[in-house]
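Participant:
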Ligand SMILES: [Zn+2]
Ligand SMILES: [Zn+2]
């Protein structure tokens, strides 16, 4: 987790809890989706700040973060009821802009789940199965929150319209305005007998399993957004979103640099001098031959075009770079020493070979 949470919130590393809360409140007011609907930039800034706040506001998590430990965010986000609960804890009742008491349809919480893929999966795309806790639409009442479809009655105040005319007195006299019905919060109906399974909320907590399509080219930290696959909003509320944060497990055969891969081979000094053919593993499976020409120097790099990782959102692939290490033997037999000695003599190279061996 390379994110600098302090920088995201704009506070110093020695900031107090109160300063952290204040900083998050400021950012949330201007970036929350309710304030800036349909503004993905503001939304991602909001989510980033929410994540930073969740980590830094908890003394234990903050200590671990300061130490450089990885904070398991999937755990963190499934543990609390999503962003709505977070806002409730920071703003009191969850309403940022005084938009009235809760009870109106609320959007379901967002969920962040981690998913592990191997390097080949990241190179070509794959499917992963994820499991997480979530709030699902109650099956007993189909999300209505009312028992057996009977425990519901038309709102007497607005007679089902969801809106009421209200008289407002001002300096200029009495004005009639139309507003959301305060009794049913615009739903037009009231629950008289709540569904026993969900206590009238329309949603219940449960485990979910989902197969997620991971596109080619992802890296560790890539977040996939599955719109509407988050927590159920309960009665009439739209569902939240599901975020899947990918972690790419390392492959000991390759080092990854964005779309390029690096693979190391070790050859002997005679192979480097005379040339050889080596077998190179491929990320798609199998192997391919690579000719190492005579006179190859230690550290030489051979580029195998188009055998790297697929670039995210594009079809093209990076390259595979083969780095050659030349290994000098340390376990020569007497016969090998003799032969190398003769070779050194031919080249006029002075060696420290004991005279007795020659
Ligand atoms: Zn129910
Ligand atoms: Zn009403």
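Numbering (my numbering), first residue to last: 2 to 359. Just so it is clear, CB atoms sit at the ideal spot from N, CA and C, and this is done for glycine as well. All of these numbers come straight from a predicted model, not from anything done at the bench.
1) Based on the DSSP output, what are the partners of residue 132 in its beta bridges?
2) To the nearest angstrom, report how far apart residue 163 and residue 185 are at their CA atoms.
3) Helix, strand or coil: how does DSSP classify residue 271 here?
4) By the 10 Å Cβ neighbour count, where 16 or more other Cβ atoms means buried, how is residue 114 classified, buried or exposed?
5) What do you get for residue 330, buried or exposed, if any count of 16 or more other CB atoms within 10 angstroms of its CB means buried?
6) Mind listing, in chain order, the residues whose beta carbon lies closer than 5 Å to a non-hydrogen atom of ligand 2?
7) Identify every residue that forms a DSSP beta bridge with residue 72.
8) So residue 204 packs on residue 136, CB below 8 Å; how close in whole Å?
9) Beta-carbon of residue 119 versus every beta-carbon of chain D: anything under 8 Å?
10) Return yes when the C-beta of residue 203 is under 7 Å from any heavy atom of ligand 1, and no when it is not.
11) Note down, in chain order, each residue of its chain lying with its Cβ closer than 8 Å to the Cβ of residue 281, except the 5 sequence neighbours on either side.
12) Less than 8 Å between the beta carbons of residue 120 and residue 242, yes or no?
13) Counting pairs of beta carbons, one from the stretch 179 to 194 and one from the stretch 214 to 221, are three or more of them closer than 8 Å?
14) Indicate the three-state DSSP secondary structure (helix, strand or coil) for residue 194 in the structure shown.
15) Would you say the beta carbon of residue 198 is closer than 7 Å to some non-hydrogen atom of ligand 1?
16) Taking 7 Å as the line, does the beta carbon of residue 207 fall inside it for any heavy atom of ligand 1?
17) Quick check on DSSP: helix, strand or coil for residue 119?
18) Which residue comes first and which comes last in the alpha helix (DSSP H) that contains residue 348?
19) For residue 279, which residues of its own chain have a beta-carbon under 7 Å away from its beta-carbon, when the five flanking residues on both sides are left out?
20) Three or more C-beta pairs closer than 8 Å, one from the stretch 123 to 134 and one from the stretch 145 to 160: is that the case here?
21) Can you give, in chain order, each stretch of the beta strand (DSSP E) that sits fully within the stretch 275 to 328 and has at least 3 residues?
22) Return the bridge partner residues of residue 22 from the DSSP annotation.
23) Bridge partners for residue 261 per DSSP, in chain order?
24) Would you decide whether residue 340 is buried or exposed? Buried here means 16 or more other CB atoms lie within 10 Å of its CB.
25) Taking the alpha carbon of residue 238 as the reference point, which residue from 246, 317 and 229 has its own alpha carbon closest?
26) Quick check: does the Cβ of residue 146 come within less than 7 Å of any heavy atom belonging to ligand 1?
27) Going along the chain, which residues of its own chain have a beta-carbon closer than 7 Å to the beta-carbon of residue 124, five neighbours each way excluded?
28) In the DSSP assignment, what residue or residues form a beta bridge with residue 226?
29) Which value, in whole angstroms, describes the spacing of the CA atoms of residue 175 and residue 192?
30) Consider the C-beta atom of residue 141 and the heavy atoms of ligand 1; say whether any pair is separated by less than 7 Å.
31) The alpha helix (DSSP H) that contains residue 153, what's its start and end?
32) Whole angstroms are fine: how far does the CA of residue 213 sit from the CA of residue 49?
33) Determine the direct distance from the alpha carbon of residue 332 to that of residue 353, and round the result to whole angstroms.
34) From residue 296 to residue 342, what distance separates their C-alpha atoms?
Facilitator: Checking against the coordinates, here is how it stands:
1) For residue 132, the beta-bridge partners assigned by DSSP are 210.
2) 7 Å
3) helix
4) buried
5) exposed
6) Those residues, listed in chain order, are 156, 158, 159, 182, 184 and 185.
7) Beta-bridge pairing links residue 72 to no other residue.
8) 4 Å
9) The structure shown contains no chain D, having only a single protein chain.
10) yes
11) 264, 266, 288, 289, 290, 291, 305, 321 and 323
12) Between residue 120 and residue 242, the C-beta gap is not smaller than 8 Å, which leaves the two residues out of contact.
13) no
14) coil
15) yes
16) no
17) coil
18) 335 to 348
19) Closer than 7 Å at the Cβ level, and outside the excluded window around residue 279, lie 266, 268, 291 and 293.
20) no
21) 277 to 282, 288 to 293, 302 to 305 and 321 to 328
22) Answer is none; residue 22 lacks a bridge partner.
23) Residue pairing by DSSP puts residue 261 in a beta bridge opposite 258.
24) exposed
25) 229
26) yes
27) 217, 284, 310 and 311
28) Bridge pairing for residue 226: 244 [DSSP].
29) 33 Å
30) yes
31) Where residue 153 is concerned, there is no enclosing alpha helix (DSSP H), although the beta strand (DSSP E) around it starts and stops at 153 to 155.
32) 23 Å
33) In a straight line, the C-alpha of residue 353 is about 16 Å away from that of residue 332.
34) 20 Å
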